[in-house]
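> The structure that follows is given in the form of structure tokens.
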Amino acid sequence: MDEKYFPEKIEEKWQQVWADSGGFEVEPDKSKPEFYCLEMLPYPSGFLHMGHVRNYSIGDALSWYKRLQGCNVIHPMGWDSFGQPAEQAAIKRNIHPREWTEENIAHMRAQFKRMGFSFDWRREVAAHTPEYYKWDQWFFLKMLERGLIYRKNSPVNWCPKEETVLSNEQSSGGVCWRCGATVEKRDLEQWFIRTTDYAQALLDDMQEIERGWPERVLTMQRNWIGKSSGAFIDFPIKDTDERVRVFTTRVDTIYGANAIVVAAEHPLLAKLMAGSVLKDQVEQFAARVKANRAVSVKQPGEEEAKEGVNTGLFAINPFSGEQIPVWVGNYVLMEYGTGAVMSVPAHDERDFEFAQKYSLPIRRVIARVTHEQEQFRHDPEMGADHSRTMPHAFTDYGVLINSGNWSGKLSDAAMREMAEYAQAHGFGEPAVTYRLRDWGISRQRFWGAPIPVIYCAACGIVPVPEKDLPVVLPERAEFTGTGQSPLANVAEFVNTTCPKCNEPARRETDTMDTFVDSSWYFFRYCDPRNQSAPFDKDVVAYWTPVDQYIGGIEHAVMHLLYTRFWTKMMRDIGLIKFNEPVMKLLTQGMVTNVIAGTGEWKAMSKSAGNGVDPDEMIGIYGADAVRLFIMFAAPPENELRWQETGIEGAVRFLRRVYNTVYRWRESLPDVPRDATTETFSDAARRLRRKTHQTIARITDDFEQLHFNTSIAALMELLNELGDSGLAPESASASDAFAVREALEALVLMLTPFTPHIAEEMWTGLGHTNGVLGSGARWPAADEELARKEELEIPVQINGKLRARITAAPDTPEETLRAAALADERVRSYTDGREIVKVIVVPNRLVNVVVR
RNA sequence: GCCGAUGUGGCCCAACUUGGUAGAGGCGUUCGCCUUAAAAGCGAAAAGUUGAGAGUUCGAAUCUCUCCGUCGGCACCA
Numbered sequence: 001m002d003e004k005y006f007p008e009k010i011e012e013k014w015q016q017v018w019a020d021s022g023g024f025e026v027e028p029d030k031s032k033p034e035f036y037c038l039e040m041l042p043y044p045s046g047f048l049h050m051g052h053v054r055n056y057s058i059g060d061a062l063s064w065y066k067r068l069q070g071c072n073v074i075h076p077m078g079w080d081s082f083g084q085p086a087e088q089a090a091i092k093r094n095i096h097p098r099e100w101t102e103e104n105i106a107h108m109r110a111q112f113k114r115m116g117f118s119f120d121w122r123r124e125v126a127a128h129t130p131e132y133y134k135w136d137q138w139f140f141l142k143m144l145e146r147g148l149i150y151r152k153n154s155p156v157n158w159c160p161k162e163e164t165v166l167s168n169e170q171s172s173g174g175v176c177w178r179c180g181a182t183v184e185k186r187d188l189e190q191w192f193i194r195t196t197d198y199a200q201a202l203l204d205d206m207q208e209i210e211r212g213w214p215e216r217v218l219t220m221q222r223n224w225i226g227k228s229s230g231a232f233i234d235f236p237i238k239d240t241d242e243r244v245r246v247f248t249t250r251v252d253t254i255y256g257a258n259a260i261v262v263a264a265e266h267p268l269l270a271k272l273m274a275g276s277v278l279k280d281q282v283e284q285f286a287a288r289v290k291a292n293r294a295v296s297v298k299q300p301g302e303e304e305a306k307e308g309v310n311t312g313l314f315a316i317n318p319f320s321g322e323q324i325p326v327w328v329g330n331y332v333l334m335e336y337g338t339g340a341v342m343s344v345p346a347h348d349e350r351d352f353e354f355a356q357k358y359s360l361p362i363r364r365v366i367a368r369v370t371h372e373q374e375q376f377r378h379d380p381e382m383g384a385d386h387s388r389t390m391p392h393a394f395t396d397y398g399v400l401i402n403s404g405n406w407s408g409k410l411s412d413a414a415m416r417e418m419a420e421y422a423q424a425h426g427f428g429e430p431a432v433t434y435r436l437r438d439w440g441i442s443r444q445r446f447w448g449a450p451i452p453v454i455y456c457a458a459c460g461i462v463p464v465p466e467k468d469l470p471v472v473l474p475e476r477a478e479f480t481g482t483g484q485s486p487l488a489n490v491a492e493f494v495n496t497t498c499p500k501c502n503e504p505a506r507r508e509t510d511t512m513d514t515f516v517d518s519s520w521y522f523f524r525y526c527d528p529r530n531q532s533a534p535f536d537k538d539v540v541a542y543w544t545p546v547d548q549y550i551g552g553i554e555h556a557v558m559h560l561l562y563t564r565f566w567t568k569m570m571r572d573i574g575l576i577k578f579n580e581p582v583m584k585l586l587t588q589g590m591v592t593n594v595i596a597g598t599g600e601w602k603a604m605s606k607s608a609g610n611g612v613d614p615d616e617m618i619g620i621y622g623a624d625a626v627r628l629f630i631m632f633a634a635p636p637e638n639e640l641r642w643q644e645t646g647i648e649g650a651v652r653f654l655r656r657v658y659n660t661v662y663r664w665r666e667s668l669p670d671v672p673r674d675a676t677t678e679t680f681s682d683a684a685r686r687l688r689r690k691t692h693q694t695i696a697r698i699t700d701d702f703e704q705l706h707f708n709t710s711i712a713a714l715m716e717l718l719n720e721l722g723d724s725g726l727a728p729e730s731a732s733a734s735d736a737f738a739v740r741e742a743l744e745a746l747v748l749m750l751t752p753f754t755p756h757i758a759e760e761m762w763t764g765l766g767h768t769n770g771v772l773g774s775g776a777r778w779p780a781a782d783e784e785l786a787r788k789e790e791l792e793i794p795v796q797i798n799g800k801l802r803a804r805i806t807a808a809p810d811t812p813e814e815t816l817r818a819a820a821l822a823d824e825r826v827r828s829y830t831d832g833r834e835i836v837k838v839i840v841v842p843n844r845l846v847n848v849v850v851r
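Per the numbering used here, the first sequence starts with residue 1, numbered consecutively.
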């Protein structure tokens with residue numbers, strides 16, 4: 001141990017020691033408790049940014065903590081290495097995406113190593129390697145076999161800037177999740193995974209992870225799945241054999257329906273409008289709505305004005321027998337429910353707005369529940385128009401009025417009974433719909449896993465036989481950046497023979513969404529080189545599910561929903577036995593920095609010009625200090641404001657710890673370890689108390705992932721050691737014992753945050769081979785030693801602090817009461833007044849209530 | 001608009017789970033020591049109506065309600 005703290009020297013040294021010893025390399029071991037610590041794998045953009053550093057510092061701290069507790073910790077890392085930017089780079093620089101990707105990976109891996117993260121690098125996987133994407137393709141075939149994948153022509157979300165398809169999740173809010181361009185609709189033949197089959201399971205199984213996941217992530221997923229219970233009701237179309245099926249959550253309001261409104265894309269339109277004089281008008285309107293939808297720039301908060309056109313058709317309300325007009329409306333979505341709604345303006349805001357615009361009648365059929373329900377029974381106003389008396393829609397539940405025999409029932413009962421009635425009479429049924437759509441995975445891209453199917457003129461769509469996997473990406477392709485997959489122009493890729501009939505055939509040229517790769521990568525980490533299966537079931541059963549997952553909130557819906565789906569699918573094909581992949585989730589906050597000149601804090605980014613390069617920081621302060629600051633500056637879920645002065649504070653602390661260890665290093669190793677029977681000086685006793693209190697506190701903090709307070713506690717312990725007045729020159733054996741105990745605890749508990757300096761100091765304290773090499777364990781708190789010898793008990797008079805008394809811990813209630821009442825200051829408040837009662841909280845306070 | 005978080009010294013934050021002395025830690029500020037001087041280092045100090053109001057309670061930063069501010073998600077989903 002040098003006299004001075006040289007971060008660079010220490011860090012290089014221990015990184016080498018760890019690499020040589022393979023100390024972070026683990027294998028299944030039934031004799032130890034297992035812990036899977038997982039951080040979201042990065043996209044290999046080329047450079048580590050502070051967000052990465054934060055993410056992996058958190059995971060590394062937890063890994064070290066569990067390791068020191070004797071767990072068998074798997075802590076792997078890999079690369080989400082398929083995706084757009086590699087292809088953009090290929091276009092721009094005329095190199096193969098693989099070349100660009102692998103250069104980036106090499107650079108970032110080196111950066112990771114420089115940070116000193118404790119990964120088991122033997123388990124590294126990269127999505128773009130055939131060894132990995134072979135299994136993406138294998139899963140595709142498995143799902144195809146089970147009918148979980150299908151192909152359909154459908155309007156898809158199209159990013160005009162990147163010229164590719166986006167999933168619903170990727171085009172949330174009408175903009176591309178990556179580049180922000182306004183998303184358009186296009187009709188394309190696409191492959192879809194039936195995620196909707198699992199909609200209910202995705203909701204139900206949330207109860208298994210409720211305790212370990214942030215509420216807001218679960219809420220976001222619940223909103224996204226968007227379950228809604230109601231009923232389907234069929235409205236016959238007058239003078240035809242057709243029926244229009246609507247979905248409603250408020251069948252109790254059906255007597256108030258003044259129209260049926262269908263989506264512009266509704267299939268019945270073409271069928272029923274033939275021969276109508278209004279045909280052209282309706283068609284023009286529908287075309288206009290569709291066109292508008294394709295290009296409309298929808299700002300958040302902005303709603304399109306409701307528009308519609310009357311088709312001239314009439315639908316018959318199956319409950320009332322009433323004839324109501326059928327309209328086409330721009331506000332009805334074909335993708336949701338049945339693409340048709342019953343319009344009940346009195347009780348739905350959208351329908352109200354629509355009715356106002358076109359002067360349609362408004363009939364009130366729900367009344368607020370009052371104590372005088374009787375009067376509604378007679379339906380005095382049946383058939384009346386309430387458009388003048390209702391200034392806005394009444395959307396609450398209530399009691400039915402103007403609803404024939406159903407009048408007088410409460411909404412709740414009516415909704416249930418009316419749906420059942422519809423079912424019994426063959427014109428409807430109770431129904432549940434979801435907002436969640438099937439997952440469109442086709443991408444018109446080169447840099448992704450090729451979809452393993454072949455199109456044969458004779459045999460149709462033929463899956464690539466398992467033995468022919470992987471379907472490998474070609475070495476050469478032309479990257480033009482136009483809408484078609486570059487694979488389509490690679491003859492040697494496209495042209496093949498049909499596996500069934502051996503005739504010439506063509507390969508699918510679309511590749512898979514990269515979220516496929518990241519849906520199951522952490523299972524592959526468990527058995528990364530398996531050549532005969534995505535992974536060995538037994539090995540995966542040992543390591544998974546993931547105990548703790550750490551990553552950004554931006555993946556709350558997309559990645560985390562897909563991976564939950566994937567897990568259930570793998571369970572159903574027999575690979576695993578549980579429902580949920582991740583027991584605990586931590587979503588770390590952004591790293592922000594001031595935008596020069598504005599005083600505004602924004603997420604670090606190239607475009608905002610407020611990025612801070614981790615390499616540069618390591619160069620100045622060392623990896624340990626960067627990591628310590630990042631863990632200390634804020635709780636992990638919070639935004640972290642980057643402050644150079646903060647990191648200087650971190651270095652200062654490390655230097656002080658280092659200097660302290662250095663100063664004591666020669667006075668400690670020879671002190672006997674069984675000195676506990678000796679008598680300790682007051683200073684030594686105080687220090688020991690602080691040491692054990694700190695151990696207890698930090699252990700607790702770690703379990704709750706409160707790293708910032710752990711570090712604060714370590715700083716306190718060092719301060720206490722400084723304040724103790726103990727010095728190596730004058731310390732007795734028992735003093736030295738207490739100091740060694742404090743320093744050893746301090747160093748060990750610092751290891752998760754600043755492993756390099758901790759290793760160095762641990763050897764300085766006389767342990768050969770360092771923390772990892774010597775098999776050191778997390779210190780254990782001795783409750784007895786942590787207990788205070790004397791407590792200061794506040795005494796309140798009528799709830800106001802008036803005096804303090806001292807007492808030993810666990811002083812009986814009666815004694816405390818007497819001591820408080822005997823106190824001179826207390827008596828000045830109680831003399832001459834009536835003591836109503838005395839509240840004594842043992843070890844905490846006494847409150848005297850006087851009148 | 002709906003849903004959910006959150007609001008504590010100048011700043012980042014602790015105490016909120018379990019009501020009991022408002023302050024642990026860091027940054028910044030001021031002062032002292034050290035120094036020819038400065039930096040570093042060491043030592044010390046100042047600073048809050050806990051967003052506002054009400055309720056519950058002997059006692060509220062903590063529990064409940066209302067309002068305000070900030071952040072996030074969703075938003076024609078029938």
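Each residue gets a CB set at the ideal place from its N, CA and C atoms; glycine is no exception.
All values derive from a computational prediction rather than experimental measurement.
Is GLN796 helix, strand or coil when you go by DSSP?
Taking the first sequence and counting its residues from 1, one reaches residue 796 at position 796. DSSP places GLN796 in strand when its eight states are reduced to three.
> Since ILE835 sits in a beta bridge, which residues does DSSP pair it with?
On the first sequence, position 835 is the one that residue 835 refers to. ILE835 pairs with VAL850.
> Please report the distance separating the alpha-carbon of GLU238 from that of ALA274.
Looking up residue 238 in the first sequence gives position 238. Looking up residue 274 in the first sequence gives position 274. A quick correction: the sequence has Lys, not Glu, at residue 238. Straight-line Cα distance between these residues: approximately 15 Å.
> Since TRP224 and ARG435 should fall inside the 8 Å C-beta cutoff, what is the C-beta to C-beta distance between them, to a whole number of angstroms?
One-based indexing of the first sequence puts residue 224 at position 224. One-based indexing of the first sequence puts residue 435 at position 435. With 8 Å as the limit, TRP224 and ARG435 qualify as a contact, their Cβ atoms being about 7 Å apart.
> Mark ASN405 as exposed unless 16 or more other C-beta atoms lie within 10 angstroms of its C-beta, in which case mark it buried.
In the first sequence, counting from the first residue as 1, residue 405 sits at position 405. Per the 10 Å Cβ criterion, exposed.
> Quick one: give me the first and last residue of the alpha helix (DSSP H) that PHE632 is part of.
As a working note, residue 632 is residue 632 in the first sequence. Taken as a continuous stretch (DSSP letters only), the alpha helix (DSSP H) holding PHE632 covers 623-632.
> In whole angstroms, what is the alpha-carbon distance linking ILE254 and VAL282?
Indexing the first sequence from 1 puts residue 254 at position 254. Indexing the first sequence from 1 puts residue 282 at position 282. Distance between the alpha carbons of ILE254 and VAL282 is about 26 Å.
> Give the list of continuous beta strand (DSSP E) stretches no shorter than 3 residues that lie fully inside the segment 174-202.
For the segment 174-202, whole beta strand (DSSP E) runs of length 3 or above, ordered along the chain, are 184-193.
> When DSSP labels each residue in this structure, what does PHE354 get in the three-state scheme?
In the first sequence, the residue the question calls residue 354 occupies position 354. Residue state, collapsed to three classes: helix.
> Exposed or buried, which one is GLY147 when buried takes at least 16 other CB atoms within 10 Å?
Position 147 of the first sequence, counted from the start, is the residue given in the question as residue 147. With fewer than 16 other Cβ atoms within 10 Å, it is exposed.
> Is LEU717 near the ligand ADP, with its Cβ less than 7 Å from a heavy atom?
Among the components modelled here there is no ligand, and therefore nothing to report on the ligand ADP.
> Could you tell me how far apart the beta carbons of ASP205 and GLU580 are, in whole angstroms, since I believe they sit closer than 8 Å?
Along the first sequence, read from residue 1 onward, the residue named residue 205 stands at position 205. Along the first sequence, read from residue 1 onward, the residue named residue 580 stands at position 580. The pair is a contact, with the Cβ atoms about 6 Å apart (cut-off 8 Å).
> How would you write the range of the beta strand (DSSP E) that PHE247 sits in, first residue to last?
Stepping through the first sequence from its first residue, residue 247 is reached at position 247. 243-248 is the span of the beta strand (DSSP E), which, as asked, contains PHE247.
> Straight-line CA distance for ASP536 to ASN530?
The count along the first sequence starts at 1 and reaches residue 536 at position 536. The count along the first sequence starts at 1 and reaches residue 530 at position 530. Spanning the two alpha carbons is a distance of roughly 7 Å.
> Within 10 Å of its beta-carbon, does PHE376 have 16 or more other beta-carbons around it, so buried, or fewer, so exposed?
Translated into the one-based positions of the first sequence, residue 376 becomes position 376. Confidence is the limiting factor: at PHE376 the pLDDT is only 48, short of 50, which leaves the residue's position unreliable, though a coordinate-based value still follows. Answer is buried; the Cβ neighbour count reaches 16.
> Is DSSP giving TRP447 helix, strand or coil here?
Looking up residue 447 in the first sequence gives position 447. Coil at TRP447, not helix or strand.
> To the nearest angstrom, how far is the alpha carbon of GLY775 from that of TRP14?
Mapped onto the first sequence, residue 775 falls at position 775. Mapped onto the first sequence, residue 14 falls at position 14. Distance between the alpha carbons of GLY775 and TRP14 is about 15 Å.
> Taking just the CA atoms, how far does SER229 sit from LEU313?
Stepping through the first sequence from its first residue, residue 313 is reached at position 313. Stepping through the first sequence from its first residue, residue 229 is reached at position 229. Answer to the nearest angstrom: the Cα atoms are 29 Å apart.
> Would ASP20 be called buried (16 or more neighbouring beta carbons within 10 Å of its own) or exposed?
Position 20 of the first sequence, counting from 1, holds the residue named residue 20. Exposed.
> Quick one, which of PRO728, SER734, LEU218 has its alpha-carbon nearest PHE680's?
For the purposes of this step, residue 680 is taken as the residue at position 680 of the first sequence. Here the closest residue by C-alpha is SER734.
> Can you give me the Cβ contacts of MET749 inside the same chain, cut-off strictly under 8 Å, excluding the 5 residues immediately before and after it?
As a working mapping, residue 749 is identified with position 749 in the first sequence. Excluding positions up to five away in sequence, the list reads THR694, ILE695, ILE698, SER710, LEU714, TRP778, PRO779.
> Is LYS227 helix, strand or coil when you go by DSSP?
Residue 227 sits at position 227 when you count from the first residue of the first sequence. Here LYS227 sits in coil by DSSP.
> According to DSSP, what are the bridge partners of VAL539?
Position 539 of the first sequence, counted from the first residue, corresponds to residue 539. None; VAL539 has no bridge partner.
> For GLY725, which three-state DSSP category applies?
Taking the first residue of the first sequence as 1, we reach residue 725 at position 725. Correct three-state label for GLY725: coil.
> Rounded to a whole number of angstroms, what is the C-alpha to C-alpha distance between GLU123 and PHE394?
Along the first sequence, read from residue 1 onward, the residue named residue 123 stands at position 123. Along the first sequence, read from residue 1 onward, the residue named residue 394 stands at position 394. Per the sequence presented here, residue 123 reads as Arg, with Glu not at that position. Computed Cα separation, rounded: 60 Å.
> Quick one, which of GLN548, LEU560, ILE553 has its alpha-carbon nearest PHE702's?
By 1-based counting over the first sequence, the position of residue 702 is 702. When each option's Cα is compared against that of PHE702, the closest is GLN548.
> HIS378: buried (16+ other C-beta within 10 angstroms of its C-beta) or exposed?
Numbered from its first residue, the first sequence carries residue 378 at position 378. At HIS378 the pLDDT is 47, less than 50, meaning the model places this residue with poor confidence and gives no usable figure here.
> What is the residue span of the beta strand (DSSP E) that GLY428 lies within?
For the purposes of this step, residue 428 is identified with residue 428 of the first sequence, where counting begins at 1. First-last of the beta strand (DSSP E) with GLY428: 428-433.
> Which of the three DSSP states is assigned to PHE139 in this structure?
Here the question's residue 139 lines up with position 139 in the first sequence. Helix, per DSSP.
> Which parts of the segment 8-69 are runs of the alpha helix (DSSP H), unbroken and 4 residues or longer, counting only runs that do not cross its ends?
Runs of the alpha helix (DSSP H) inside the segment 8-69: 50-68.
> Taking the straight line between their C-alpha atoms, what separation do you get for VAL344 and ASP385?
Looking up residue 344 in the first sequence gives position 344. Looking up residue 385 in the first sequence gives position 385. Going by the C-alpha atoms only, they are around 12 Å apart.
> Which of helix, strand or coil does DSSP assign to VAL326?
One-based indexing of the first sequence puts residue 326 at position 326. Strand, per DSSP.
> Got a sec? Which residues, its chain only, sit under 7 Å from LYS568 by beta carbon, not counting five neighbours each side?
Within the first sequence, the letter at position 568 stands for residue 568. TYR198, ALA201, ASN579.
> Of all the options ASN638, ALA738, MET604, which has the alpha carbon lying nearest to the alpha carbon of PRO669?
For this step, residue 669 is matched to residue 669 along the first sequence. With distances taken between Cα atoms, PRO669 lies closest to ALA738.
> Can you tell me which residues form a DSSP beta bridge with SER154?
Within the first sequence, the letter at position 154 stands for residue 154. Beta-bridge pairing links SER154 to LEU188.
> Decide if TYR150 is buried, meaning its Cβ has at least 16 other Cβ atoms within 10 Å, or exposed.
For this step, residue 150 is matched to residue 150 along the first sequence. Per the 10 Å Cβ criterion, exposed.
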